[in-house]
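Enquirer:
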Amino acid sequence: MFTVGVIKEKLKNEKRVIITPAQVNVLVQSGFRVLVEQGAGLGCNFLDSDYESNGAEIVTTSIAWERADVILKYKAPLEEEYQYFREGLIICALFHAESNPKLIKAMCEKKVTAYTFEFLKTEDNIFPMAKSGGEIAGKFAIIMGAYLLQKQFGGKGKFLVQTRGTQPCTVGVIGYGNVGSAAIKLAQDLGCKVVCFGTNIAKMNKLSIAFNNNVVFVESTKENYKKYLPQIDLLVGAILISTYNTPALIDENLISYMQKGSVVIDVTCGYGKGYLPFIDKYTTLENPYYNDKGLVYCKIDNLPAAFPLTTVEAYTNNGFPYIKEMLSFLKNSERRNKFVETAKIIENGKITHPIIKQHMKFYEN
Numbered sequence: 143m144f145t146v147g148v149i150k151e152k153l154k155n156e157k158r159v160i161i162t163p164a165q166v167n168v169l170v171q172s173g174f175r176v177l178v179e180q181g182a183g184l185g186c187n188f189l190d191s192d193y194e195s196n197g198a199e200i201v202t203t204s205i206a207w208e209r210a211d212v213i214l215k216y217k218a219p220l221e222e223e224y225q226y227f228r229e230g231l232i233i234c235a236l237f238h239a240e241s242n243p244k245l246i247k248a249m250c251e252k253k254v255t256a257y258t259f260e261f262l263k264t265e266d267n268i269f270p271m272a273k274s275g276g277e278i279a280g281k282f283a284i285i286m287g288a289y290l291l292q293k294q295f296g297g298k299g300k301f302l303v304q305t306r307g308t309q310p311c312t313v314g315v316i317g318y319g320n321v322g323s324a325a326i327k328l329a330q331d332l333g334c335k336v337v338c339f340g341t342n343i344a345k346m347n348k349l350s351i352a353f354n355n356n357v358v359f360v361e362s363t364k365e366n367y368k369k370y371l372p373q374i375d376l377l378v379g380a381i382l383i384s385t386y387n388t389p390a391l392i393d394e395n396l397i398s399y400m401q402k403g404s405v406v407i408d409v410t411c412g413y414g415k416g417y418l419p420f421i422d423k424y425t426t427l428e429n430p431y432y433n434d435k436g437l438v439y440c441k442i443d444n445l446p447a448a449f450p451l452t453t454v455e456a457y458t459n460n461g462f463p464y465i466k467e468m469l470s471f472l473k474n475s476e477r478r479n480k481f482v483e484t485a486k487i488i489e490n491g492k493i494t495h496p497i498i499k500q501h502m503k504f505y506e507n
C-alpha cells in the first residue's frame, strides 16, 4: 500500500502541521496508508488520538521517515533530518529551496525526489498553494506595522486606524500578489490611504478597478519612490522573491526620503542584498524590530507562523485538494500530470527546476 508519512515540524516557533486529522481520513478512504509522527499536530491542538481515530498510524520519527513512500511536511527538512534521506524517497513541502544549497546538495546526493508546494502553478500562472499563507502574511504585516508605529518603539506615534478628526495614515505596498493584495485590502479597510508600487501596468489598472479606484497604483521607479516615500507612514515590501541578483528597488539614498518614525516591513524576506538592501538583518517574532537612522525595520521570515491555528486551517482547507492530487499522481507514477510537475525541483537526485538550477550555479561559483 502506498504510504504517506506526516512529519512533525521541529523548527523553532513552528507549530504547524501539513494536514488535519479529517484530511487523513480522506486519504485513508482513498487507499493511502498514513503514518503520523508522534506529536505532529500538538501545536495546532490536534492530538495523536485524533489522527489515530481517523485511520492514521502514530509512529516514531524514524519509522515515519523510513517506511513512507512520500513524506509530507509543512517546511523544508532540517539538517538533523537529512539522515533519513534515501534513494527513491519523495518529499513534498514548502521548501523555498533556492536559499538552501546545503539541503539541495543533500537531496541530490541521496537521490531524493522533491516537490515544493509554493512552485505549484496552474495554466493561468496562479500559485494556489501560496494564497493562504500570503494572505495571512500580508494582513499581519499591516497589523505589525500598526503596532510598531507606537512612539515607544521609535515609530511616529500615529494610529494606523482612521480616527475621526485626524488625517489618515498612508501605507505603501511594493507588489500586488497574494501578500501585497491582502496588505492593500486591510490597509484600505482601516481607512488608510494606499499607494501600490509595481511593474505590470496593465495588471495594476485591473486591480485599480477591483479596489474601486481608491488605491494609487504607480510604476516602481526611482522618481515615484522619491515622490511618495515622504508621505508614507508604513511601507510593506511584498514582491514574490528577492535573491542575490534581484536589483535594488529602494536604496540607502531613497529610503532616507521617508520621515523619521516611519516603519518598513519586508515580508518577502529573501537573501542577499535583494530589493531592499538597506534592511541588513532579520528580526524574529520575539524581537520583531530594530531602529536605524530614525526608521523602524521589521524583517521576520515566515510571519504566518505566529498564528498556527489560523494558518493551518486556511492552508489545509484551501490547499488539501492540491495535496491530494499530488499524492494520487505520485501513487500512479505511470501517469503524467503537468500541473503537479510544475512543483518538482529534484527528480532522483537531479535538479529539474530552472530557478533551483540558476541559484545552485551561483552558489557553486
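Heads up, the sequence shown is in our numbering, so the first residue is 143 and it goes up one at a time.
Every residue, glycine too, gets a C-beta built ideally from N, C-alpha and C.
Determine the burial state of A283: buried for a count of at least 16 other Cβ atoms within 10 Å of its Cβ, exposed for fewer.
Expert: buried
Enquirer: To the nearest angstrom, how far is it from the Cα of E260 to the Cα of F237?
Expert: 8 Å
Enquirer: What residue range is occupied by the uninterrupted beta strand (DSSP E) comprising A256?
Expert: 255-258
Enquirer: Relative to the C-alpha of N242, which residue among D393, R228, L391, P219 is closest?
Expert: P219
Enquirer: Pair every Cβ in the region 417-428 with every Cβ in the region 437-446, then say whether three or more of these pairs are closer than 8 Å.
Expert: yes
Enquirer: Is it the case that the Cβ atoms of Y257 and K486 are separated by a distance below 8 Å?
Expert: yes
Enquirer: Cβ atoms of L189 and V146: under 8 Å apart, would you say?
Expert: no
Enquirer: Would you kindly check if the distance between the Cβ of A447 and the Cβ of E156 is under 8 Å?
Expert: The Cβ-Cβ distance between E156 and A447 falls below 8 Å.
Enquirer: Starting from the Cα of C311, find the closest Cα among I285, Q225, I374 and give me that residue.
Expert: The candidate whose alpha carbon is nearest that of C311 is I374.
Enquirer: Which same chain residues, not among the five before or five after G296, have their C-beta less than 7 Å away from its C-beta?
Expert: G403, N433, V438
Enquirer: Does the separation of the CB atoms of T385 and G416 fall below 8 Å?
Expert: Contact flag set, yes.
Enquirer: May I ask you to verify whether the region 163-180 touches the region 189-200, counting CB pairs closer than 8 Å and requiring at least 3?
Expert: yes
Enquirer: Between the C-alpha atoms of A279 and G197, what's the straight-line distance to the nearest angstrom?
Expert: 33 Å
Enquirer: What did DSSP end up calling G183 once you bin it into helix, strand or coil?
Expert: coil
Enquirer: If you reduce the DSSP assignment to three classes, tell me which class K435 lands in.
Expert: Residue state, collapsed to three classes: coil.
Enquirer: Secondary structure at I421, three-state DSSP: helix, strand or coil?
Expert: coil
Enquirer: Which residue spans inside the region 363-401 form an unbroken alpha helix (DSSP H) run of at least 4?
Expert: Counting whole runs of 4 or more residues, the region 363-401 contains the alpha helix (DSSP H) stretches 364-370, 394-397.
Enquirer: Can you find the residues in the same chain that come closer than 6 Å, C-beta to C-beta, to V482, ignoring five residues on each side of it along the sequence?
Expert: M468, F471
Enquirer: Determine the closest residue to L427 out of K154, P372, I149, with distance taken between C-alpha atoms.
Expert: K154
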